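Heads up: the sequence shown begins at 1 in the UniProt record's numbering, then just goes up one per residue.
A short write-up of the structure that comes next.
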Amino acid sequence: MISITSTELNYLVFRYLHESGSSFPYSFSFLAHYITILHYMLININIYFGYYAATLPFSSQLHHSIPKFFIFTICQRVSLFRPYYDGFYKVRRFGFTHSAFAFGYEAGIDKSKNDDSVVPPGALVTFIQKGIQYLELEANLSGSDADMDEDFSFLQPLDLITKGPSELHNIVKARKENLRQHKFESNKIINDLSQDDPRREETEKERKEKENEHTLEKIRLEKDKEPPKPEYKEIQHTDQNHTEKPEDKITVENLENRAQGGAEPMEISQSPMSSPDDTPCGYVKLLKGHTSEVFACAWNPSAPLLASGSGDSTARIWKIADGACDSSVQNEPVNVVVLQHFKESTNEKSKDVTTLDWNGDGTLLATGSYDGQARIWSRDGELNCTLNKHRGPIFSLKWNKKGDYLLSGSVDKTAIVWNIKTVEWKQLFEFHTGPTLDVDWRNNVSFATCSTDKMIHVCKIGENRPIKTFSGHQDEVNAIKWDPSGSLLASCSDDHTAKIWSLKQDNFLHDLKEHVKGIYTIRWSPTGPGTNSPNQQLVLASASFDSTIKLWDVELGNVLYSLNGHRDPVYSVAFSPNGEYLASGSMDRYLHIWSVKEGKIVKTYTGKGGIFEVNWNKDGDKVAACFSNNIVCVLDFRM
Numbered sequence: 001m002i003s004i005t006s007t008e009l010n011y012l013v014f015r016y017l018h019e020s021g022s023s024f025p026y027s028f029s030f031l032a033h034y035i036t037i038l039h040y041m042l043i044n045i046n047i048y049f050g051y052y053a054a055t056l057p058f059s060s061q062l063h064h065s066i067p068k069f070f071i072f073t074i075c076q077r078v079s080l081f082r083p084y085y086d087g088f089y090k091v092r093r094f095g096f097t098h099s100a101f102a103f104g105y106e107a108g109i110d111k112s113k114n115d116d117s118v119v120p121p122g123a124l125v126t127f128i129q130k131g132i133q134y135l136e137l138e139a140n141l142s143g144s145d146a147d148m149d150e151d152f153s154f155l156q157p158l159d160l161i162t163k164g165p166s167e168l169h170n171i172v173k174a175r176k177e178n179l180r181q182h183k184f185e186s187n188k189i190i191n192d193l194s195q196d197d198p199r200r201e202e203t204e205k206e207r208k209e210k211e212n213e214h215t216l217e218k219i220r221l222e223k224d225k226e227p228p229k230p231e232y233k234e235i236q237h238t239d240q241n242h243t244e245k246p247e248d249k250i251t252v253e254n255l256e257n258r259a260q261g262g263a264e265p266m267e268i269s270q271s272p273m274s275s276p277d278d279t280p281c282g283y284v285k286l287l288k289g290h291t292s293e294v295f296a297c298a299w300n301p302s303a304p305l306l307a308s309g310s311g312d313s314t315a316r317i318w319k320i321a322d323g324a325c326d327s328s329v330q331n332e333p334v335n336v337v338v339l340q341h342f343k344e345s346t347n348e349k350s351k352d353v354t355t356l357d358w359n360g361d362g363t364l365l366a367t368g369s370y371d372g373q374a375r376i377w378s379r380d381g382e383l384n385c386t387l388n389k390h391r392g393p394i395f396s397l398k399w400n401k402k403g404d405y406l407l408s409g410s411v412d413k414t415a416i417v418w419n420i421k422t423v424e425w426k427q428l429f430e431f432h433t434g435p436t437l438d439v440d441w442r443n444n445v446s447f448a449t450c451s452t453d454k455m456i457h458v459c460k461i462g463e464n465r466p467i468k469t470f471s472g473h474q475d476e477v478n479a480i481k482w483d484p485s486g487s488l489l490a491s492c493s494d495d496h497t498a499k500i501w502s503l504k505q506d507n508f509l510h511d512l513k514e515h516v517k518g519i520y521t522i523r524w525s526p527t528g529p530g531t532n533s534p535n536q537q538l539v540l541a542s543a544s545f546d547s548t549i550k551l552w553d554v555e556l557g558n559v560l561y562s563l564n565g566h567r568d569p570v571y572s573v574a575f576s577p578n579g580e581y582l583a584s585g586s587m588d589r590y591l592h593i594w595s596v597k598e599g600k601i602v603k604t605y606t607g608k609g610g611i612f613e614v615n616w617n618k619d620g621d622k623v624a625a626c627f628s629n630n631i632v633c634v635l636d637f638r639m
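Dropping the structure here:
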């Protein structure tokens, strides 16, 4: 008898959350109900894969009684998670959602002995679907080998969740009895009428032939009514060729594959924003080497070096040649240093690199990872020290401007300030009641933190209590950022709003409400007071799961532009050093560069995977983007 332990069940839930990603907006609210369903389905899985399979062999009752198309039909109809199911395959393997980290940490996934390589993607959904299939099949079995083609009774998902096998069987039995009674009465009426009708001359064979002919004619008419389907093309960018090929057509086989747990093919078309300049492949350098999704990237502030962090347990420092990324440098090898984040041991699990940041003078790189450790590296790739105090994955890591302190925020609900000179933690801040999602320095000694507990705390080194606490968000606060002058703090949340705060008052200055889904990240423009462009307008950019970006007038709290060029959640935005352009990366594979002044796309690049982060170099002539297909690209930007 097949049995699934509670540890294995927790692991499957963790894998599901990890694969679903941040655009899966129902993770936390749905999780409690989800676990309840799983425990019920677990019983049925054990029954149907063990006892049931032994007592009712597939070779007799199941195999011969049930047509193959029923499995496909059930997969389509009997899905408890239809609203989430389609989205699951669209955003498959996005990874690193707060839900996955929180659940994985609480469930002790790191301590389990499950082998990631042998657990297929979507395993949890597959188990649940199989359990539902067998529940419905058993309810329809009558104990004989009779064919069920004509009287198979589909059940409601709610009944399958809440009722036991005997109750389900009774429901089906009652339905079939009612159906037989209805057929009997209908046939009796028809026979009575037919006996009195002298015009009835058709034989049974002729009637069936006419019905078949009518059905074929109906199909032909429906096909003629269908509008012509658009021809989608995907722009293929590599470091040598620039080719176009037709996108795979959606066929019946693809639909069946999706219903049974396969990945759904995606259609890619030109961004809806007019006709931006699609960057030729000769102006894009592809950096290959990572073996898993690349989640973070950051340019060195003083040298042509690009750091990237990946799910393959490594960070990498790439040396990027000065000058244009034209065809003359496409085939030149790139110098790269690999920063390993795990010990050379067969029992050591790999540790995803979740965040990274260069210090102000570009001499040190800090990385944070899933194992809860922060590591400090030289720009040559030497490991200087390991900072070990957190008890959970690190989500955010920031240097102060002076470079003597490093700030980290973790899923263990804490933030820690590290003294780099002594290589020890300076102060531990434990004010949140949920995972710390983001941290940001205001100056060299004070900073802000935000959390899933909906709160924002402003803290100062040496103080044992927050110097200010902001409350007002109705859901998790995903990101916080101080403006260049350090006087205004912006925050964004899953409650669909961004807010602007000031230390001079308790309530928010502006409540920015134009988005219709959660906001993942925000960025201030490098303009206005405290910048090299003090006379230019200060602008706030917000990127959302609703696939839009909003540019906000900070003084009035109004939208300057709504940038609608993406089709999927936008995970990253970054202003150019002069503040004139904004780069954005989305799960739709597009890297767009916008004119802040005009609110239009001026350049775009189409990759082969979703984009997790975008970043400008210090000169503003190159943009880096990291992709879910293990690639880092460097786009040459010269207008």
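Just so you know, even glycine gets a beta-carbon here, dropped at the ideal spot from N, CA and C.
All of these numbers come straight from a predicted model, not from anything done at the bench.
{"Query": "Taking buried to mean at least 16 other C-beta atoms within 10 Å of its own C-beta, is G528 buried or exposed?", "Result": "buried"}
{"Query": "Rounded to the nearest angstrom, what separates T433 and K454 at their Cα positions?", "Result": "9 Å"}
{"Query": "If I follow the unbroken beta strand (DSSP E) through Q505, where does it start and stop?", "Result": "Note, Q505: premise wrong, no beta strand (DSSP E); not H, not E."}
{"Query": "Thinking C-alpha only, which one of S584, W418, V458 and A298 is nearest D404?", "Result": "W418"}
{"Query": "Beta strand (DSSP E) containing S369: first to last residue?", "Result": "L364 to S369"}
{"Query": "Count the other C-beta atoms from every protein chain shown that fall within 10 angstroms of the C-beta of A498, then say buried if there are 16 or more, exposed otherwise.", "Result": "buried"}
{"Query": "By the 10 Å Cβ neighbour count, where 16 or more other Cβ atoms means buried, how is V477 classified, buried or exposed?", "Result": "buried"}
{"Query": "Which residue wins for smallest C-alpha separation from F545, given the options E613, L306, L582 and Y571?", "Result": "Y571"}
{"Query": "If you follow the beta strand (DSSP E) that I601 is part of, which residue opens it and which one closes it?", "Result": "K600 to T606"}
{"Query": "Please tell me whether G565 and I601 are closer than 8 Å, where the distance is taken between their beta carbons.", "Result": "yes"}
{"Query": "State the DSSP-derived secondary structure class of V634, mapped to helix, strand or coil.", "Result": "strand"}
{"Query": "Provide the residue span of the beta strand (DSSP E) that contains D438, from first to last.", "Result": "T436 to W441"}
{"Query": "Assuming A296 and C633 are in contact, meaning their beta carbons sit under 8 Å apart, how far apart are those beta carbons, in whole angstroms?", "Result": "With 8 Å as the limit, A296 and C633 do not qualify as a contact, their Cβ atoms being about 14 Å apart."}
{"Query": "Start and end of the beta strand (DSSP E) containing T521?", "Result": "I519 to W524"}
{"Query": "For L538, count neighbouring C-beta atoms within 10 Å of its own C-beta (all shown protein chains included) and say buried if the count is 16 or more, exposed if not.", "Result": "buried"}
{"Query": "So is E424 buried or exposed if we call it buried at 16+ other beta carbons inside 10 Å?", "Result": "exposed"}
{"Query": "Leaving aside the five residues before and after D619 along the sequence, list all residues of the same chain whose C-beta is less than 8 Å from its C-beta, in chain order.", "Result": "P577"}
{"Query": "Cβ of G530 within 8 Å of Cβ of P484?", "Result": "yes"}
{"Query": "Tell me where the beta strand (DSSP E) around F416 begins and ends.", "Result": "The question names Phe, but residue 416 is Ile in the sequence shown. Segment A415 to N419, the beta strand (DSSP E) holding I416."}
{"Query": "If you draw a straight line from the C-alpha of residue 656 to the C-alpha of K597, how long is it?", "Result": "The question about residue 656 has no answer, for the chain in this structure spans 1 to 639."}
{"Query": "Check N535 in the structure and name its three-state DSSP category.", "Result": "coil"}
{"Query": "If you reduce the DSSP assignment to three classes, tell me which class R175 lands in.", "Result": "helix"}
{"Query": "In whole angstroms, what separates the C-alpha of K622 from that of Y283?", "Result": "10 Å"}
{"Query": "Is V439 closer than 8 Å to S396 when the C-beta atoms are compared?", "Result": "yes"}
{"Query": "Considering only C-alpha positions, which residue in the set S446, C450, L428 and S487 is nearest to T436?", "Result": "C450"}
{"Query": "Going by CA-CA distance only, name the one from K550, S292 and K608 that's closest to D588.", "Result": "K608"}
{"Query": "What residue range is occupied by the uninterrupted beta strand (DSSP E) comprising I611?", "Result": "I611 to W616"}
{"Query": "Smallest Cα separation from L582: which of T606, G557 and K550?", "Result": "K550"}
{"Query": "Judging by CA-CA distance, which residue of R523, L488 and E430 is the nearest neighbour of P466?", "Result": "E430"}
{"Query": "Is the beta carbon of I376 less than 8 Å from the beta carbon of N384?", "Result": "yes"}
{"Query": "Answer with buried or exposed for K413, where buried requires no fewer than 16 other C-beta atoms within 10 angstroms of its C-beta.", "Result": "buried"}
{"Query": "Going by the beta-carbon positions, is the gap between W318 and V334 smaller than 8 Å?", "Result": "yes"}
{"Query": "Report yes if the C-beta distance between K288 and S313 is below 8 Å; otherwise report no.", "Result": "no"}
{"Query": "Around the C-beta of D380, are 16 or more other C-beta atoms found within 10 angstroms, so that it is buried, or is it exposed?", "Result": "exposed"}
{"Query": "H496 and I519 look like a contact to me (Cβ under 8 Å); what is the Cβ gap, rounded to whole Å?", "Result": "7 Å"}
{"Query": "If I follow the unbroken beta strand (DSSP E) through S378, where does it start and stop?", "Result": "Q373 to S378"}
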